[in-house]
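For the sequence shown, the working numbering begins at 16 and goes up steadily by one. Heads up: the structure comes next, in structure tokens.
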Amino acid sequence: MRIKGILKLTALIVVIALAGSYAAYNVYRFITPQVPLAPIEEITKIITHKEVKTPELTIYRDGYAIVKEYREVIVSLGVNEVKITNLPKTIDFENIVIEDSTDARAEIIEVSYCYDVNLENLLEKVLGNSITVVIDKVNVTGQLISYSPSEGLILKIGENILVLKSFDKLIIPSNITYLEVKPTILCKINATVAGKHELEISYLIKNISWYANYVLVLGEENKVKDFKLWAVVNNHAGKEYKLAKVTLMDYNLHPILNQSKSFGNLERSIHGIYKLKEEIEIPHSFTKQILLHAANNVSYSKEYVADWEEYGNTVQIVLLLNNSVENNLGITLPKGSLKLFKEDNGVLQLIKVCYVNSTEKGELMKIPLKEAQNIMFNRRQCSCKVINGTKIVTYELKLKNLGEKDTNIVVLEHVCEGGEVINATHRFTKTSVGIIEFHVNLKPHQEEVIVYEVMKGKVR
């Protein structure tokens, strides 16, 4: 709808108290802009909205989330301007998608983002206009021709140029275009149907993340008495979500954003997707734990593992939990921090804090418990030679049982990508890409030496 005539806007004086110094300014106390918070253009009218339905958040590990909100507006036939507020401060303007789910033929013809709560934005909007500077209770009025944090204000007063690096107060005129004191999206919609429209607004935000936190209590007879997997959500995005449908993604979004700024390129191999059953509240500047999985009497076994890349020249006793439904698990377990407790005479004691990798359904969850004091392990590189342009490296792994019991040891070796084992004194298996596995049984006081050669490719 075209609004005829000129609306007379009452100037609103906003006093923003600022303490300390700013950039090259020595001292200023506060700024007093006299501005309307939202102009009305002749070809459109500003339409407010109300939030409908529960927002949906998809949260990634590395501080990003994709949010979908639903807003209801009442529009006229033709071009309407909708003002969308109550947005987080960390919204990424380049990743905003707005769709009209009511009017399939409606067109979103323009999307603008406004957020001006800083001195530099205010002054950029009044370049070329007249402003008043108060210095020692004296008002000085002139045309603002330049501003920068390092150089200060440059005013033209008649035929003179005044450079100011300190002042007490600024009085800014009321004709600033699109000044917003909160994050705001201004969207022009060309509607083919008048009335109530539901808008789906998807956007990317930062400073909201999650990580997995395991809390396990060991019981008797090789059982985990209490197994709890928590999702810890941190929200510092600048908005409170009173109720939200939340999905947690067990990977980082940042590498994908570097490839493309489009929402359409999010397909990749995913370790786990966790859709929370209940809607939850996510306050701003808040950390919350949400239970993802709980189980009792989860069976485990123990294994002696020598893995030089993970544990150096030590052998670790590792707890193995079969991630299966029969063992009261059977979900994809995300990587995360783990705290292991054990009851001793009725007192709960913390015995291990570590980090565990993700575990697919049907695989073994591995928890390093402690160093095995009765097994000695030493790994060294014996030789490195080039034969016919091919690099061949020889490694020696020495194990010795200092205890009084037979001990089975799993030895894991990380062969470089493209490397091939061409000779070994002991049989081995390839467990995954770049990893080979030896199994050694040591009698009391027995010593075993494994030697193997790796061909690492051509030398340039």
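Note that beta-carbon positions come from the ideal geometry of N, C-alpha and C, so glycine has one too.
Looking at residue i: is its Cβ nearer than 8 angstroms to the Cβ of residue j?
i, j, result
"residue 217", "residue 112", "yes"
"residue 83", "residue 294", "no"
"residue 9", "residue 148", "Residue numbering for the chain in the displayed model covers 16 to 475; residue 9 lies beyond these limits and cannot be assessed."
"residue 237", "residue 339", "no"
"residue 256", "residue 70", "yes"
"residue 94", "residue 260", "no"
"residue 351", "residue 229", "yes"
"residue 222", "residue 73", "no"
"residue 353", "residue 231", "yes"
"residue 299", "residue 346", "no"
"residue 438", "residue 467", "yes"
"residue 416", "residue 457", "yes"
"residue 412", "residue 374", "no"
"residue 157", "residue 145", "yes"
In whole angstroms, what separates the C-alpha of residue i from that of residue j?
i, j, result
"residue 392", "residue 198", "59 angstroms"
"residue 451", "residue 432", "12 angstroms"
"residue 471", "residue 381", "29 angstroms"
"residue 460", "residue 341", "38 angstroms"
"residue 388", "residue 329", "9 angstroms"
"residue 114", "residue 208", "15 angstroms"
"residue 372", "residue 135", "46 angstroms"
"residue 46", "residue 186", "Low per-residue confidence applies at residue 46: pLDDT is 33, beneath 50, and the placement is therefore not dependable enough to give any value."
"residue 453", "residue 395", "16 angstroms"
"residue 273", "residue 267", "11 angstroms"
"residue 262", "residue 108", "22 angstroms"
"residue 55", "residue 213", "The predicted position of residue 55 is uncertain, since its pLDDT is 33 and thus under 50; a value taken from the coordinates is nonetheless stated next. C-alpha separation (whole angstroms): 22 angstroms."
"residue 408", "residue 398", "6 angstroms"
"residue 430", "residue 324", "10 angstroms"
"residue 206", "residue 302", "41 angstroms"
"residue 465", "residue 443", "11 angstroms"
"residue 414", "residue 421", "13 angstroms"
"residue 224", "residue 419", "49 angstroms"
"residue 201", "residue 130", "11 angstroms"
"residue 402", "residue 270", "40 angstroms"
"residue 179", "residue 160", "12 angstroms"
"residue 362", "residue 242", "18 angstroms"
"residue 469", "residue 326", "21 angstroms"
Have a look at the DSSP bridge pairing and note the partners of residue i.
i, result
"residue 109", "According to DSSP, residue 109 bridges with nothing at all."
"residue 444", "452"
"residue 200", "99, 128"
"residue 73", "81, 262"
"residue 13", "Look at the range of the chain in this structure, 16 to 475, and you will see that residue 13 is not part of it."
"residue 421", "Answer by DSSP bridge pairing: none, since residue 421 is not bridged."
"residue 461", "Answer is none; residue 461 lacks a bridge partner."
"residue 244", "229, 308"
"residue 359", "362"
"residue 429", "450"
"residue 8", "Any property of residue 8 remains undetermined from this structure, which presents the chain solely from 16 to 475."
"residue 120", "According to DSSP, residue 120 bridges with nothing at all."
"residue 115", "214"
"residue 369", "353"
"residue 223", "250"
"residue 140", "The partner list for residue 140 (beta bridge, DSSP) is empty, contrary to what the question assumes."
"residue 322", "427"
"residue 13", "One cannot answer for residue 13 here, as it falls past the ends of the chain, which runs 16 to 475."
Assuming the contact rule is C-beta atoms closer than 8 angstroms, residue i and residue j should be a hit. Round their C-beta distance to whole Å, please.
i, j, result
"residue 455", "residue 436", "Residue 455 to residue 436, Cβ: 16 angstroms. No contact."
"residue 244", "residue 81", "Actually they are not in contact, since the Cβ atoms of residue 244 and residue 81 sit about 23 angstroms apart, beyond 8 angstroms."
"residue 226", "residue 76", "6 angstroms"
"residue 344", "residue 336", "7 angstroms"
State yes or no: is the C-beta of residue i nearer than 7 angstroms to some heavy atom of the ligand GDP?
i, result
"residue 230", "Inclusion of the ligand GDP in the displayed structure is not the case, the ligand content being empty and no account of it being possible."
*asked:* Would you call the region 116-124 in contact with the region 244-253, where contact means no fewer than 3 C-beta pairs closer than 8 angstroms?
replied: no
*Flag this pair as touching only if the region 172-186 and the region 95-112 have three or more C-beta atom pairs under 8 angstroms; answer yes or no.*
no
*Please determine if the region 304-315 and the region 353-363 are in contact, where contact requires at least 3 C-beta pairs separated by less than 8 angstroms.*
no
*Quick one: any contact between the region 229-244 and the region 87-95, if contact means 3 or more CB pairs under 8 angstroms?*
no
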